[in-house]
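Q: Under numbering that gives the first Met the number 0, the first residue of the sequence shown carries the number 0, and numbering increases by one thereafter. Structure incoming, see below.
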Amino acid sequence: MFNNTIDNIQMSWVKEGQKMSQLLLMWGANDFGGTLINESISTSAGSEHGQLLRPKEIRRMVREIGRIPAERNTQYQMLKKFETENEVEEGLDKITNYSQFGSYKELIKINKFRYKNPREE
0 MFNNTIDNIQ MSWVKEGQKM SQLLLMWGAN DFGGTLINES ISTSAGSEHG
50 QLLRPKEIRR MVREIGRIPA ERNTQYQMLK KFETENEVEE GLDKITNYSQ
100 FGSYKELIKI NKFRYKNPRE E
């Protein structure tokens with residue numbers, strides 16, 4: 000249909016949730032998205048699926064559907080392929096205190112981040 004004009008289709012676990020994200024990967028998407036820390040755009044639009052997903056959790060979910068997880072850069076160049084499940088925990092995998100990143104609820108309390116309609120000032 001698109002005649003190979005679209006190389007990559009990313010789904011958003013923040014918007015779709017974990018299970019739907021797995022289904023979307025099985026239905027043609029090839030990019031799980033990434034680890035988002037204190038994601039606020041989708042959350043402010045009503046998304047209810049979280050603000051952080053650890054890399055090891057993303058890899059587990061990708062493996063559950065029979066795919067091999069890989070890490071890429073913003074230009075879709077592969078940086079690392081995770082062939083086996085024997086991985087060393089890295090930075091975000093070790094986090095136990097999510098509050099260090101703040102939260103959407105705390106963010107919207109800060110006036111400097113609130114939208115100000117210039118017509119009402």
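Backbone N, C-alpha and C define an ideal beta-carbon position, used for all residues, glycine too.
Do residue 34 and residue 91 have their C-beta atoms within less than 9 Å of each other?
A: As a position in the sequence shown, residue 34 is number 35, starting the count at 1. As a position in the sequence shown, residue 91 is number 92, starting the count at 1. In this structure, residue 91 lies closer than 9 Å to residue 34 by Cβ.
Q: At what residues does the alpha helix (DSSP H) containing residue 89 begin and finish?
A: Within the sequence shown, numbered from 1, the residue matching residue 89 stands at position 90. Looking at the DSSP string, residue 89 is not in any alpha helix (DSSP H), and its letter there is neither H nor E.
Q: Where does residue 98 land, buried or exposed, given buried means 16+ other C-beta within 10 angstroms?
A: Position 99 of the sequence shown, counted from the start, is the residue given in the question as residue 98. Result: exposed.
Q: Taking residue 25 as the reference, give the member of 65, 114, 1 with the closest Cα.
A: Here residue 25 refers to the residue found at position 26 of the sequence shown. When only C-alpha atoms are compared, the closest one is 65.
Q: Based on the DSSP secondary-structure assignment, which residues constitute the bridge partners of residue 71?
A: As a first step, residue 71 is located in the sequence shown; it is residue number 72 there, counting from the start. Answer is 77.
Q: For my contact list, residue 61 and residue 100 are in at a C-beta cut-off of 8 Å; report their separation, rounded to the angstrom.
A: Here the question's residue 61 lines up with position 62 in the sequence shown. Here the question's residue 100 lines up with position 101 in the sequence shown. Not confirmed; about 23 Å, so no contact.
Q: Measuring CA to CA, which of 27, 56, 94, 15 is closest to residue 44?
A: The residue labelled residue 44 in the question sits at position 45 within the sequence shown. Measuring from the Cα of residue 44, the nearest candidate turns out to be 15.
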